[in-house]
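Below: the structure, in structure tokens.
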């Protein structure tokens, strides 16, 4: 508990208003009040509103310190001793250097579940909390007392935390002492720059270490920004970034000079894509496309005045023919697979969005043409497409792989968006403990979360009948993810775990 903190305290009203509404307690003026009995904003003057906003900022800082201390303590109890050692099966290829060496590599995953946030944010919160509590005690104290806001405390931690791990703690403490008194006089950006300069002035060797670490973090990522647009973010050494932008800008201006009147930014974007994709270059191996078409199963007239119920019903040859007619009508010349690639048609129930079948386009055309083998001359109700059947062995069949990746689309661990094409197909109930190789017992997990499920103690995974995956952390927090196309709410139907002797999980494929 930090100095002056009172956990029931919000803000206090300092002036008596004769027009106080009846629901405000008579003693609410002059004492700390709970949020549910605070004076409504319309009864405050502008000066009082400003004071209350400043007090709220102080409370946020105190809560941030409180939260950081709890995160640091929880991280300290998540020991790295349970992690797989380097060189052993299932060990991480590399450890996130932002985490302290004695904290489990899977702690950010647990914190992400607790806070319902991304693992990236949880990792940064862990690193910041550990730095404030362990390495920057004066900064944490200023935060806890409401004298320093969290963005500036976080800025100091970002510069003096894991990037300065090799720096002598005495030097880090001296930099903290120099920067803390002036921190509130600078913007967050200037504070980071000044802290970095102060650190490098006291520890010249830190500059080269930071440069090498930054180079190892170089990467390219993409993120959607809405309205059909995305950003490609390339992190690279500054000279290379400047040269890359200069080349893109010059080509864009050449296009403008040649008569293209599109906005300059749009021309830069087009030139960047051309330079990366090089559509004119036939010397490189082609990149093939594998497309998935999401197709709600259309309702069909089975008899005059009656519409077929397709949710949970078998997909008949008539359904397949109607579906193909609809898909071909959307594409001039009919729907076709791209050169060297494939098209998977995700047939979903219109009422729930549940995946019913995931045939390749060629298979859909084949069953539409051939019809039911048992009743080739009749419009019967026999199923011709559906969920792939279970197999006896451990590896999933090709049809199961396609169906599962179509259903899941990404890793199914809560908060993870890694593409299913790069994921492992994991038996939720381990095969060695009687779990079948069936789509009802399989889901996509990226390699990291497959390792977590296999090697991190105390985690529990349950796959429900509708494809909802529930994951429970060692501390009892449960989050669930549904297949992306599913409309219906998940049912409380946990997959039973058989009480069978055997290993806790299947031998991992890593």
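Residue numbers (our numbering): 425 to 934. Glycine included, C-beta positions come from ideal geometry on N, C-alpha and C. All figures in this text were calculated on a predicted structure; none of them were measured in a lab.
Note to self: Would the segment 629–641 count as touching the segment 600–614 if we require 3 or more Cβ pairs under 8 Å?
What the structure shows: no
Notebook entry, point to check: What's the call for residue 917, buried or exposed, on a 16-neighbour Cβ count within 10 Å?
Noted result: Because the pLDDT of residue 917 is 45, which lies under 50, any placement of that residue in the model is unreliable, and the question is left without a value.
Next item on the list: Rank 640, 767, 874 and 580 by C-alpha distance to the C-alpha of residue 619 and give the top, closest one.
Entry: 580
Notebook entry, point to check: Rounded C-beta distance between residue 902 and residue 534? I'm assuming under 8 Å.
Noted result: The pair is not a contact, with the Cβ atoms about 12 Å apart (cut-off 8 Å).
Checklist line | Among 678, 644, 654 and 652, nearest to residue 665 - alpha-carbon criterion | finding: 644
Next item on the list: Answer yes if the segment 521–530 comes into contact with the segment 822–831, meaning at least three C-beta pairs across the two stretches below 8 Å, and no otherwise.
Entry: no
Next item on the list: Locate the beta strand (DSSP E) running through residue 643, then write down its first and last residues.
Entry: 643–650
Check: By a C-beta neighbour count over all protein chains shown, 10 Å radius and 16 as the cutoff for buried, is residue 663 buried or exposed?
Finding: exposed
Next item on the list: Pick helix, strand or coil for residue 903, following the three-state DSSP scheme.
Entry: strand
Item checked: Outcome for residue 883 when other beta-carbon atoms lying within 10 angstroms are tallied against a minimum of 16 -> buried
Checklist line | Continuous alpha helix (DSSP H) stretch holding residue 670: start and end | finding: 662–681
Item checked: the segment 872–887 contacting the segment 846–854, beta-carbon criterion three pairs below 8 Å -> yes
Margin query: Please tell me whether residue 935 and residue 473 are closer than 9 Å, where the distance is taken between their beta carbons.
Written below: Outside the shown range of the chain (425 to 934) lies residue 935, about which nothing can therefore be said.
Next item on the list: With a floor of 3 residues, list each beta strand (DSSP E) that falls wholly inside the segment 850–886, ordered by position along the chain.
Entry: 866–869
Notebook entry, point to check: Roughly how many whole angstroms lie between the Cα atoms of residue 589 and residue 640?
Noted result: 16 Å
Check: Roughly how far, in whole angstroms, is the beta-carbon of residue 780 from the beta-carbon of residue 772, given that I think they are within contact range, below 8 Å?
Finding: 6 Å
Next item on the list: Label residue 561 either buried or exposed according to how many other C-beta atoms from any shown protein chain fall within 10 Å of its C-beta, with 16 as the threshold for buried.
Entry: exposed
Next item on the list: Please go through the same chain and pick out, in chain order, the residues whose beta-carbon is closer than 6 Å to the beta-carbon of residue 699, but skip the five residues on each side of it.
Entry: none
Item checked: residue 556 vs residue 516 beta-carbon contact at 9 Å -> no
Notebook entry, point to check: If you run the structure through DSSP and keep just helix, strand and coil, what is residue 727?
Noted result: The predicted position of residue 727 is uncertain, since its pLDDT is 35 and thus under 50; no value can be drawn from it.
Check: Would residue 530 pass as a contact of residue 550 if the rule is Cβ separation under 9 Å?
Finding: no
Check: Should residue 791 be labelled buried (16 or more other beta-carbon atoms within 10 Å of its own) or exposed?
Finding: buried
Check: Are the CB atoms of residue 604 and residue 628 nearer to each other than 9 Å?
Finding: no
Next item on the list: Inspect the CB distances between the segment 476–484 and the segment 498–514 and report whether three or more fall short of 8 Å.
Entry: no
Margin query: Helix, strand or coil, according to DSSP, for residue 526 in the structure here?
Written below: coil
Next item on the list: Given a cut-off of 9 Å, decide if residue 584 and residue 608 are closer than it, judged by their beta-carbon atoms.
Entry: no
Note to self: Bridge partners for residue 503 per DSSP, in chain order?
What the structure shows: 527
Check: Hey, how far is the Cα of residue 675 from the Cα of residue 691?
Finding: 8 Å
Note to self: Can you list, in chain order, the residues of its chain with a C-beta nearer than 7 Å to that of residue 848? Leave out the 5 residues immediately preceding and following it.
What the structure shows: 869, 871, 874 and 933
Check: Can you give, in chain order, each stretch of the alpha helix (DSSP H) that sits fully within the segment 542–590 and has at least 4 residues?
Finding: 543–554, 561–568 and 574–584
Checklist line | Three-state class that DSSP yields for residue 515 in the structure shown | finding: coil
Check: Since residue 879 and residue 514 are thought to touch, with beta carbons under 8 Å apart, how far apart are those beta carbons, to the nearest angstrom?
Finding: 5 Å
Checklist line | Closest Cα partner of residue 958 within the set 829, 563 and 499 | finding: The requested residue 958 is not part of the displayed model; the chain covers only 425 to 934.
Notebook entry, point to check: Identify the residues that DSSP records as bridge partners of residue 784: which are they?
Noted result: 768
Next item on the list: For residue 825, name the three-state secondary structure that DSSP assigns.
Entry: helix
Next item on the list: Please go through the same chain and pick out, in chain order, the residues whose beta-carbon is closer than 6 Å to the beta-carbon of residue 553, but skip the five residues on each side of it.
Entry: 492, 495 and 496
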